[in-house]
Every structure is written in C-alpha cells, then in structure tokens.
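Notes to accompany the following structure.
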Amino acid sequence: MTAAADLHGPLLEQTGAFRGNALLLTGPARVGKLDVARAVAAQHNCTGARGMYGEACGTCPSCRALAAGAHPDLLLVEPRATTSTGKAARRKLIPIGAVLSGRDKAREYETHVFEFLEVRPTFTRRVVIVQGAEYLGPEAANALLKLVEEPPHGALFVFLAEDLRAVLPTIVSRSARLSVTPVSDPAVERALLRAGQAPDAELVAFAAGRAGVLGDPEPVRAALQDARELTNALGESLLGALEAAEALEKRFDPAWHPETLRFTWRDQPPHVRARADSALTALQEALEAYASPSLSFQVFALALRDAFGHA
1 MTAAADLHGP LLEQTGAFRG NALLLTGPAR VGKLDVARAV AAQHNCTGAR GMYGEACGTC
61 PSCRALAAGA HPDLLLVEPR ATTSTGKAAR RKLIPIGAVL SGRDKAREYE THVFEFLEVR
121 PTFTRRVVIV QGAEYLGPEA ANALLKLVEE PPHGALFVFL AEDLRAVLPT IVSRSARLSV
181 TPVSDPAVER ALLRAGQAPD AELVAFAAGR AGVLGDPEPV RAALQDAREL TNALGESLLG
241 ALEAAEALEK RFDPAWHPET LRFTWRDQPP HVRARADSAL TALQEALEAY ASPSLSFQVF
301 ALALRDAFGH A
C-alpha cells in the first residue's frame, strides 16, 4: 500500500473509478492534495495490479517514472514564484503564459499546457495538475475551458484549491469535486514511521492531520526549534531578543516559519496571540515589499516583546 492510499484510501477508490475530464480537490493547506493528485495520475497510467483502494501498483514502468519525478505524461502547473527580474512574486498568479507558449513572453514556464496536450500520451493518459486553482487568472482559466471540455487524447485535469469560493465558477462547474481532509494523529505517526522518521509529539501536533507536512519533516522541526528560541529570548533581554531575531532572519523560510511561530504561541492568551500575529503579518508585508530584512526583523522583535509584555 502506498502512503497516499494509507492516508486517503477511500478517496482513491473514487478517483480510480473516475472517467471524466476534470477533478477539483479541495482542502486545507498541506493536507496532502498534491500527493493525492500524483496518486491519481499514477492510477490513470498504471499497467500493474491495483491495490486494495484501487491505488497504482508502484512497480510498473509508469509508476517507476512517476516515483523518479520524470513521468512524460504529467505536467504540474503552479503560480509563478518569481518575477521576470528574479524577485519573489508579490502576488500569486497562474497567468495565460502558463497555458499558451505564445503568451509567455518572459519565458516563465518551461512547458505550456496547450503544447503539452498536443502530444499523445506515452503511457495511457496525460494528466495536468493545477496547483492553486484559485490563482488562475481569468485569461488563463478561459483558455483552459476548451481543453477541459474536450481534452486532447482524453487528458485529465486535476485542479487543487484551498478555498472553493476563490476558484472561478467556470472551472468549478466543469469539475467533479472531492474533499481532501486531515487524517488522524495515529495515521500521521504511521506515515512518519514508514518514512524512517521517529514521530514526536510536537511534530504530530503541528501537522494536525495534514499529510503534506510529512514530506520533508526536518525543515519543519528546524523551524519549530527556531520559533521556540525566538519566543524564549523575548523575555530574557532586549539584546537577546534582537540577537534571536537576527539569527531567525538568516534562516527564515516563509514556507514554514510563520506557521511554526503561530503554533508556538498557541497557548498564549488571545490578546497576546492577536498582537503577536499582527507583528508577524507586518514582518511578512515588509519582506514582500523588499524592505531591509535586518531592520524588519529588529522591528519584529521589538513588536513581539511589546506583545508579550516584555517592553
């Protein structure tokens, strides 16, 4: 049994039997939607014996190509992470250029949906996973509609979204909707053990049933440690808080540190959490506006000391 089948087996029973053109998987951030989508792509191209939930065999040529990250019939489309100048994008967006090569003037995407689907599948079915369907621009979504309604060579679209309300109605109406929900803590512990990781109570609590946290747990553990160190330093001294903020600046990962900081503050009184959260939001906005990181983290440390009553 694969990890996705162990965590989301009943869902894969439904996706394995799906014969339509488009699926829309919704669920919280890091709940495992992308893992489920890849399992769906594996199902629809597998030539081996299926598992208990209809999951792919894991050993046929198609499954081996998928495991190696080199499947010729799978395309992942995501919001652009950087601008044409190389800076981090301030606003998430999947532009028309992701769909049509002729509209990708800055060459932000190596492979484009239209051109990808013009090619016949190497195995059984070409699959396009759209990670962040709520970030599809109107132009991009409209360009996809014809493909979704009449996909070349029977291709399958798998749209992923955290907020169904933010997805354009034209995409929602053409997709079969399924929810990817958090799993139990024991299931998280089993997944960690299968991956050769020793489960610990803090990591399991932080995951809160979200399988997507488990893909690479070491950065999560490191971010949790950083969050604890900064929070503990706030009450020691002003100098200690500034030094801890400087250390955090050097290691800051926007994918993990904001969430681990909020998790570390979870037992604080509501008014403290609210003020600390406002300070963290201000830090993120400053970094997105390309303000001085050093100064931004110093201001953050001062605001946190004030929030925690140490000013």
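Residues in the sequence shown are numbered consecutively from 1, following UniProt numbering. C-beta atoms are modelled at their ideal positions from N, C-alpha and C, and glycine is treated no differently. Predicted, not measured: the structure shown is a model, and the values here were computed from it.
Residue pairing from DSSP places THR26 in a beta bridge opposite ALA161 and SER179. In this chain, the beta strand (DSSP E) harbouring GLN131 covers 127 to 131. Per DSSP, the continuous beta strand (DSSP E) segment holding VAL77 begins and ends at 74 to 77. With a beta-carbon spacing of about 15 Å, VAL183 and LEU25 fall beyond the 8 Å limit used to define contacts.
The segment 236 to 243 makes no contact with the segment 198 to 207, as fewer than three CB pairs between them are under 8 Å.
The beta-carbon distance between VAL127 and ALA155, rounded to whole angstroms, is 7 Å. This is short enough to meet the 8 Å contact definition.
Boundaries of the alpha helix (DSSP H) harbouring LYS33: 33 to 43, taken from the DSSP string. Across the set GLU162, TRP265, ARG125 and TYR135, the C-alpha of ARG125 shows the shortest separation from the C-alpha of ALA41. Just so you know, the alpha carbons of GLU78 and GLY132 end up roughly 6 Å apart. Considering only PHE252, LEU160, PRO186 and ARG275, the residue with the shortest C-alpha distance to SER175 is LEU160. Short of 7 Å from the beta carbon of GLN14, and not among the five residues preceding or following it, lie these beta carbons of its own chain, in chain order: LEU178. With fewer than 16 other Cβ atoms from the protein chains shown falling within 10 Å of its own Cβ, LEU295 counts as exposed.
If you draw a straight line from the Cα of HIS271 to the Cα of GLU249, it is about 25 Å long.
Taking all protein chains shown into account, LYS33 has 16 or more neighbouring C-beta atoms within 10 Å of its C-beta and is therefore buried. Between ARG30 and VAL213, the gap from beta carbon to beta carbon is short of 8 Å. LEU193 sits exposed, since fewer than 16 C-beta atoms from the chains shown fall within 10 Å of its C-beta. Exposed is the label assigned to ALA198, since fewer than 16 other Cβ atoms lie within 10 Å of its Cβ. The beta carbons of LEU93 and ARG80 sit closer together than 8 Å. Counting only the Cα atoms, LEU12 lies some 10 Å from ALA56. At a Cβ-Cβ threshold of 8 Å, ASP185 and GLY209 count as neighbours. Relative to HIS8, the option among ALA37, LEU261 and ALA227 whose CA is nearest is ALA37.
Assignment of LEU302 by DSSP, reduced to helix, strand and coil, places it in the helix class.
Residue environment: GLY69 is assigned as exposed (fewer than 16 neighbouring CB atoms within 10 Å of its CB, all protein chains considered). If you draw a 10 Å sphere on the C-beta of PRO217, you find 16 or more other C-beta atoms in it, and that means buried. Short of 8 Å from the beta carbon of GLU189, and not among the five residues preceding or following it, lie these beta carbons of its own chain, in chain order: PRO199 and VAL204. The beta carbon of ALA301 is closer than 6 Å to those of ALA241, LEU242 and ALA245 in its chain, skipping five residues each way along the sequence. In this structure, DSSP gives LEU93 a state outside helix and strand, which the three-state scheme calls coil. Taking a C-beta distance under 8 Å as the contact criterion, ALA274 and LEU304 do not qualify as a contact pair. Rounded to whole angstroms, the separation of the alpha carbons of GLY137 and ALA166 is 11 Å. Under DSSP, the beta-bridge partners assigned to LEU136 are ILE94. Your pair ARG251 and ASP226 checks out as a contact, with CB atoms roughly 6 Å apart and the cut at 8 Å.
For LEU117, the closest C-alpha among the options ILE96, ALA141, GLU134 and PRO72 is that of PRO72.
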